[in-house]
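Each remark here refers to the structure printed beneath this line.
Number of protein chains: 2
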Amino acid sequence: MYSSELIKGTLKTILLKLLNEGNRMYGYEITQKVKELTNDKIQITEGALYPTLHALEADGLLETETEYIGKRVRKYYKLSTKGKVHSKEKVNEFADYMNTMKFLLGIETGTA
Amino acid sequence: MYSSELIKGTLKTILLKLLNEGNRMYGYEITQKVKELTNDKIQITEGALYPTLHALEADGLLETETEYIGKRVRKYYKLSTKGKVHSKEKVNEFADYMNTMKFLLGIETGTA
DNA sequence: TCTGAATGCATAAGTATACGATGTATTAGT
DNA sequence: ACTAATACATCGTATACTTATGCATTCAGA
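Quick mapping for you: the protein sequence lines, in order, are chains A and B. Per the numbering used here, residue 1 is the first one in the first sequence, and the count goes up by one each step. Per the numbering used here, residue 1001 is the first one in the second sequence, and the count goes up by one each step.
Shown next as structure tokens:
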């Protein structure tokens, strides 16, 4: 687990990226996927996740589809057209930022 | 310039790293150095810098030396022994975090 | 059968961190 | 004489995340 400040500001980027490749996903699924992909190093809490998803939806970047699995609600999120564009921009910005920080901190990143 | 959320959480790491290699530095010098090293992409505002420097000092990670250039005050900051250890930890954590994010976002970083 | 864990949504209060504005003062350039 | 740069600092605001809490369903184990 990373110190919590580090993750700040990257949540939106992570969400937009996941939805960009994996098509539609629901909230709980996202938390599990990130946990799995990062070997528990990044754990998205629900208190951070849902408000952020709602904000992205309010910005017109995400669209939702609600389904019922038995009696349990499941709310799928997927990127809107606008969201797809924004997703790429965010990921590119982060890539740029990483290169800047790498230089600034004199870090050699793994080639993998 | 990056969207402001991105920088959040990295300021302490940047400060600790700069002081670790460049020995003692004063506040204004730090802002200029970061601006220069990042081609204006990261600009540390004074409203963020000084409270953070004070916080690091209060945590015993930094030590200060005040000097006068003419009548103008200049307050130098340098790492304490504790700060040197912490600096390495922070930079290593960030390097780890970058590799995680690189994988998560499917980013290829520049080799430079 | 019942209890706890996992699934699945959501909000609210509290905290941390940075931004923007503002303030004071000295020095260098025009 | 005025403006920009140097150099410190604080305060109010916004943002974003954490922790805590709440509700409801489903599943596995004792």
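Just so you know, even glycine gets a beta-carbon here, dropped at the ideal spot from N, CA and C.
| Asked | Found |
| --- | --- |
| Nearest residue (CA-CA) to A/D96, options B/T1031, B/N1039, B/E1029 | B/N1039 |
| Minimum Cβ-Cβ distance from B/G1027 to chain A less than 8 Å | no |
| 8 Å Cβ cutoff met for B/K1012 and B/L1056 | yes |
| Residues near A/E67 by beta carbon distance below 6 Å, same chain, minus five either side | R74 |
| Bridge partner(s) assigned by DSSP for B/V1085 | BP columns for B/V1085 are empty, so no partner. |
| Beta-carbon contacts of B/A1112 that lie in its chain and below 7 Å, excluding the five residues immediately before and after | For B/A1112, the predicted model reports a pLDDT of 47, less than 50, meaning its position is unreliable; a value from the coordinates is still stated below. Result list for B/A1112: empty, nothing under 7 Å. |
| Test item: CB-CB of B/I1014 and A/L49 under 8 Å | no |
| Beta strand (DSSP E) runs wholly inside the stretch 1025-1085 of chain B, at least 3 long, in chain order | 1062-1069, 1072-1079 |
| Residue burial classification, A/S87 (beta-carbon count within 10 angstroms, cutoff 16) | buried |
| Short-range partners of chain A found in the stretch 1026-1050 of chain B, where Cβ spacing is below 9 Å | V1034, L1037, T1038, N1039, K1041, I1042 |
| Close-in-space but distant-in-sequence residues of the same chain around A/M1 (CB under 6 Å, 5 per side omitted) | none |
| Coarse secondary structure for A/M1, derived from DSSP in three states | coil |
| Collapsed DSSP secondary structure at A/N23 in the structure displayed | coil |
| Below-8 Å beta-carbon distance, B/L1104 vs any chain A residue | yes |
| Amino acids of chain A, ordered along the chain, whose beta-carbon sits closer than 7 Å to that of B/S1087 | Going along chain A, no residue has its Cβ under 7 Å from B/S1087, so there is no contact; the nearest lies around 10 Å. |
| B/T1081 burial status per 10 Å Cβ neighbour count (16 or more: buried) | exposed |
| Pair within 8 Å by beta-carbon distance, A/G9 and B/L1016 | no |
| Which listed residue (B/T1052, B/G1027, B/I1042) has its alpha carbon closest to that of A/K102 | B/I1042 |
| Residue environment, A/K71, which counts as buried when at least 16 other CB atoms sit within 10 Å | exposed |
| Closer than 8 Å to chain A by CB, B/Y1097 | yes |
| Chain A within 8 Å of B/L1019, Cβ atoms only | no |
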